[in-house]
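Visitor:
Number of protein chains: 2
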Amino acid sequence: MTVTHPAGFTAAGVAAGLKSTGAKDVALVVNHGPRFDSATVFTANRCKANPVLWSREVVKDGTVKAVFLNSGGANCYTGPEGFQTTHAVAERVAEHLGIGSIDVVVCSTGLIGLANSREDLLDGVDAVHAAQSTDGGAEAAEAIMTTDSVAKQVVVEGAGWTIGGMAKGAGMLAPALATMLVVITTDAVVSASDLDAALRAATRVSFDRLDSDGCMSTNDTVTVMASGASGITPPLADFTEALTQACSDLAMQLLKDAEGADHEIAITTLNAASEDEAVEVSRSVARSNLFKAAVFGQDPNWGRVLASIGTTQAAFDPADLDVAMNGVWVCRSSVPAEDPSKVDLSAREVSVTIDLKAGDARATVWTNDLTHAYVHENSAYSS
Amino acid sequence: MTVTHPAGFTAAGVAAGLKSTGAKDVALVVNHGPRFDSATVFTANRCKANPVLWSREVVKDGTVKAVFLNSGGANCYTGPEGFQTTHAVAERVAEHLGIGSIDVVVCSTGLIGLANSREDLLDGVDAVHAAQSTDGGAEAAEAIMTTDSVAKQVVVEGAGWTIGGMAKGAGMLAPALATMLVVITTDAVVSASDLDAALRAATRVSFDRLDSDGCMSTNDTVTVMASGASGITPPLADFTEALTQACSDLAMQLLKDAEGADHEIAITTLNAASEDEAVEVSRSVARSNLFKAAVFGQDPNWGRVLASIGTTQAAFDPADLDVAMNGVWVCRSSVPAEDPSKVDLSAREVSVTIDLKAGDARATVWTNDLTHAYVHENSAYSS
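Protein sequences, first through last, are from chains A and B. Residue 18 in the numbering used here is what sits at position 18 of the first sequence, and the numbering runs on without skipping anything. In short: position in the second sequence from 1, add 383, done, that's the numbering used here.
1. Apart from the five residues on each side of it in sequence, which residues of its chain come closer than 7 Å, Cβ to Cβ, to Ala398/B?
2. What are the start and end residues of each continuous alpha helix (DSSP H) run of 4 or more residues lying completely inside the region 611 to 649 of chain B, in chain order?
3. Of all Cβ atoms in chain A, is any one closer than 7 Å to the Cβ of Leu556/B?
4. Quick one: is Glu663/B buried, meaning 16 or more other Cβ sit within 10 Å of its Cβ, or exposed?
5. By Cβ distance, which residues of its chain are closer than 8 Å to Thr63/A, with the 5 residues on each side in sequence left out?
6. Between Val511/B and the rest of its own chain, which residues show a CB-CB distance below 6 Å, the 5 nearest in sequence each way excluded?
7. Considering only DSSP beta bridges, list what Met225/A is partnered with.
8. Taking all protein chains shown into account, do 16 or more other C-beta atoms lie within 10 angstroms of the C-beta of Asp518/B, making it buried, or fewer, making it exposed?
9. Just to confirm the assignment, what range does the beta strand (DSSP E) spanning Asn289/A have?
10. Give the secondary structure of Gln351/B by DSSP, where H, G and I count as helix, E and B as strand, and everything else as coil.
11. Can you name the residues of chain B whose CB is closer than 9 Å to the CB of Lys48/A?
12. Answer with buried or exposed for Glu142/A, where buried requires no fewer than 16 other C-beta atoms within 10 angstroms of its C-beta.
13. Flag this pair as yes or no: are the beta carbons of Lys551/B and Ile527/B separated by less than 7 Å?
14. Any C-beta of chain B sitting closer than 7 Å to the C-beta of Pro51/A?
15. Report the option in Tyr374/A, Arg348/A and Leu321/A whose CA atom is closest to the CA atom of Ala358/A.
16. Indicate the three-state DSSP secondary structure (helix, strand or coil) for Ile485/B in the structure shown.
17. So for Ser351/A, helix, strand or coil by DSSP?
18. Under a three-way DSSP split, which group does Asn219/A fall into?
19. Mind checking which residues open and close the alpha helix (DSSP H) that includes Val435/B?
20. Can you grab the Cα-Cα spacing for the pair Leu436/B / Leu306/A, in whole Å?
21. Give the straight-line distance between the Cα atoms of Leu254/A and Val222/A, rounded to the nearest whole angstrom.
22. For Glu760/B and Gly643/B, what's the separation of their Cα atoms in angstroms?
23. Using CA atoms only, rank isn't needed, just tell me which of Thr469/B, Gly611/B and Val607/B is closest to Cys630/B.
24. Would Thr385/B and Met563/B qualify as a contact pair, given that the criterion is a beta-carbon distance under 7 Å?
25. Would Val735/B pass as a contact of Lys725/B if the rule is Cβ separation under 7 Å?
26. Could you tell me whether any Cβ in chain A is nearer than 7 Å to the Cβ of Ser671/B?
27. Does the beta carbon of Ala730/B sit closer than 7 Å to a beta carbon anywhere in chain A?
28. Out of Ala294/A, Arg283/A and His32/A, which has the shortest C-alpha to C-alpha gap to Thr367/A?
29. To which residues of the same chain is Leu560/B closer than 6 Å at the C-beta, ignoring the five residues directly before and after it?
30. Taking Cβ positions only, does Ser334/A come closer than 7 Å to chain B?
31. With a threshold of 16 other CB atoms inside 10 Å of the CB of Met481/B, please say whether the residue is buried or exposed.
32. In chain A, what lies closer than 9 Å to Ile495/B by C-beta?
33. How is the beta strand (DSSP E) around Val409/B delimited, first residue to last?
34. Is there at least one non-hydrogen atom of the ligand ZN closer than 6 Å to the beta-carbon of Gly98/A?
35. Using only the alpha-carbon positions, how far apart do Ile737/B and Pro618/B sit?
36. Output the boundary residues of the beta strand (DSSP E) element that contains Thr10/A.
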C-alpha cells in the first residue's frame, strides 16, 4: 500500500540485477489520473546527479505521470553517457505507458561515479512495468532501499481523500534534503501550484530540518503527484497540514534509521529573534562532532552546546543562555545550574532545549549522535 | 628553550594540583624587556571564556609583560566568580613581577564549566614564579598540554634575532583558531602595530587554515611578545616571513597530534576566482564527515569531494571539476578518470587537489580523518 493507498496509482518493485545481492532495485509509481498535477523539490547541491538534471526539466510544467527509481547506482558524475542512460530509461517508461518521456521523473541512489549498465536498467523498466499493481507500494518502497535497514512508508487519511508516501535515506541527511528519495501520492484534487506551495511548506519544517551528519547529497528528490481520483478538493490548509504530517512522519523514520546512530537528538531553540535564527542555532549544535560524540558517550556536555551557539550570528547575550538536556536545566545564564548527573542519556531519544531570550521564535532541528558505527559504515562503504 | 630561546624571556611550568594526575598544569612566560610590544588574536567564538574576556582588555594597548597559562580547567561558563578568579591570578602575577595586572595575559584550557580552586591557582602562581628561568621554555610547553600527546615547540632563527614558540591543542582546531593556546616570543625590535600586522598575516595562512573537526573553542589565544633584547630591527617582511614559518610549524604539530587521527589531509584548491573561494571550497571538504571517514577507511572516495564542493557558492562549472588524491587525477571534468586503485592511502599524509578552473587563486586547508579513536576520545572525555 502506501504510495498505492490513494486511488489512481499503481506501483511495483523488482530486482534488475543492479544490486549485487539480488535484492529488489528498481521501482515504478504510475499516476493513472484523471489529473496529473505534481510538485518536486531537489537537492540544493550544485553538483547534481544526472537523474536530477533530467527530472528538473520534467517537473517544470507541473505535470508528472510516473516516477521511476533505482537503487544500486546514483548515476552521478557519470557524464553525458550517464545522462543519456537516464533519458533512455524515461523513454522506455513512457513507451510502455503511452505517454511522453517529459512526464517521467527518474531518481537514482547508490554509489557515486558508478555507471550502471543501460541494458540492465532498461530490462528493469520492462520488468517493473509488467509487475505494477494497485497494491505494489510496499515492494516499491523496498526496492529503493540502500543502507536503509527498513522500508519507510506512510499513509495520512483526509476527509474522503488520502495521502501515501515512501522514502529512502539513511545518511547524508542534511539541509535542503540529502540522499533522500521520497515519492508522495494523493487522490485529492490539488492544482500543481497549490501542491508546490504545500510541498515547500511541508519540507521546510520536516526534511529540511534533518541534519544527520551535515553532508548534502547530489540526488535528493521529493516528488508529490495528485491523481484527483477522489474527486474531492480539500481546503489548501487541510491538505498542507496532512502533507506536512506525512513528510514529518517519513523524516522521523529516516532519522531513526540513520547509519550507525545510537540516539535521535531533537535540538529546540526557544525565544529566538526569528525562526531563521532559531534554525541557525539548532543547526550549529547539530553539526558539532564534539557534542554528537558526547551524546554517544551519554555525557550531558552542555559546554559543547554553548560553544556551538557561540559560532552563530544569532541575537543573544553570551552571558545569559539557558540550556536543558532531557528537561534538566543544566545551564542557566551561561553558568552551571542543575546537576548534569540528573540527565539520563541511555534512551535513544534525546532533547536539547536552548533559550536565547532574544525574541519569541522557535525551531527544532533533528540530528543523530556520532558513533563508532557511523565511522565504520562510512569508512567501509566503498567508493 | 623555545619561548626562552630569544633573549629577554624567562619561563617555567609546575604542577599546582589542577590536574588529577599530578602533572604540570601552570605555566608562566615573562618578558623582561627592554621592550614590551605585543599582539594577540583570540577565538572568534562569541561565547568566550573568562580568561579571554580578561585578556582582550589587557592586549588593547599593545603592551604585555607576562602570560600565565593553566591547563586542568578552561574557566569557561563559570560566571562572574570565574572572571574574578582570572583577575586574581593576574593580580598575583603582577604583584610578584612588580608590574600592573593590566599587562598580564591569562590563558586557561581544560574542561568547560569547571571552576578551579582559586587558592590552587594562586598557589600555582607563586610556585611558577619562583621556578622561572631562562631555560624554562620546555617545562612551560609541557604544563599547557591537555589531551596533547607531545609538547609543541618551535624556534626560527633570524639575522641576529630569533623567534621561539609553544602551543597546545589537540582537538577543536577550527577556523579562527580553536582550543589552541600559543605563546610566541622574539627578541627582535618590532612595534606593537607591526607585530599585529605580522601576526594576522601569519595566523591567516596557518592556524586559521587548520580545521580538524569543524568545532571552534571558547578559549583560543595566540600571543606574541617582543622584548627587543637583540637590539635589531628586522625588515617587517623578513619578520613576517619568520613568524609565518613559526606559526605554520606549530600548526602542523597541532594537526599531527589531533585527537584520534590516523591521517593528516591537505586539501588544496587551485584556480579559484579568489583566495577566499579557494578556502571556502577546501574547508567544505575538510568538514565532510563522509569524506573524512572514507580517508580513515583508505577509500579514495572522490565523489564525496565533489558533493562537498557542490555545497559552496564558489565560482565553478559543476560539469568541469578535476580532483586528484595523492597526485592521481581520479576525476577529470566531473567524471571518473585515472583508476582510484592507484591511490595509496596507507601513509598518514594525504593530499587532495581540486582544480576549479575559474581563476588563478589557491589555498590549502588542513584536516584529519574521522576515526573510531576520535569518537572514542570525545565520547569519553567527561564534561
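Positions of the beta carbon are idealized from the N, C-alpha and C atoms, including for glycine.
Guide: To lay it out plainly:
1. Excluding residues within five positions, the ones whose Cβ falls inside 7 Å are Gly405, Ala406, Lys407 and Asp408.
2. Positions of the alpha helix (DSSP H) runs, each at least 4 residues long and wholly inside the region 611 to 649 of chain B, are given as 619 to 639 in order along the chain.
3. Reliability of the predicted coordinates at Leu556/B is poor, the pLDDT of 42 falling under 50, and no value is obtained from them.
4. Burial call: buried.
5. Cβ within range, chain order: Phe36, Asp37, Ser38, Asp103 and Ala192.
6. Correct list, in chain order: Ala395, Val397, Val409 and Leu411.
7. Residue pairing from DSSP places Met225/A in a beta bridge opposite Ser38/A and Thr185/A.
8. Exposed.
9. Careful: Asn289/A lies outside any beta strand (DSSP E), inside the alpha helix (DSSP H) at Asn289 to Phe296.
10. Given that chain B is displayed from residue 384 to residue 766, the structure contains no residue 351/B and the question cannot be resolved.
11. Within chain B, the residues near Lys48/A are Gly693 and Pro701.
12. That one is buried.
13. Yes, they are a contact pair.
14. No - not a single Cβ of chain B is within 7 Å of the one on Pro51/A.
15. Between Ala358/A and the set Tyr374/A, Arg348/A and Leu321/A, the nearest pair of CA atoms involves Leu321/A.
16. The three-state secondary structure of Ile485/B, taken from DSSP, is helix.
17. Looking at Ser351/A - three-state DSSP - the assignment turns out to be strand.
18. Residue state, collapsed to three classes: coil.
19. Element bounds for Val435/B: Asn433 to Val441.
20. Going from the Cα of Leu436/B to the Cα of Leu306/A covers about 16 Å.
21. Rounded to whole angstroms, Leu254/A to Val222/A spans 14 Å at the Cα level.
22. Approximately 7 Å, taken between the alpha carbons.
23. Here the closest residue by C-alpha is Val607/B.
24. Cβ distance not < 7 Å, so Thr385/B and Met563/B don't count as in contact.
25. It is not a contact, given that the beta carbons lie outside the stated cut-off.
26. Output row for Ser671/B: interface = yes.
27. It does not: the Cβ of Ala730/B has no partner Cβ on chain A nearer than 7 Å.
28. It is Arg283/A whose Cα lies nearest to the Cα of Thr367/A.
29. Since pLDDT at Leu560/B reaches only 33, below the 50 mark, its modelled position is unreliable, and the value read off the structure follows with that caveat. Thr426, Phe590 and Asp603, listed in sequence order.
30. Chain B contact via Cβ: present.
31. Here the sequence assigns Gly to residue 481/B, which means Met is not the residue at that position. Gly481/B should be labelled exposed.
32. Near Ile495/B (Cβ distances below 9 Å), the residues of chain A are Asn301, Trp302, Gly303, Arg304, Leu306 and Ala307.
33. For Val409/B, the enclosing beta strand (DSSP E) stretches over residues Val409 to Asn414.
34. Because no ligand of any kind appears in the structure shown, any question about the ligand ZN cannot be addressed here.
35. Between Ile737/B and Pro618/B, the C-alpha separation is close to 36 Å.
36. Start and end: Phe9 to Val14.
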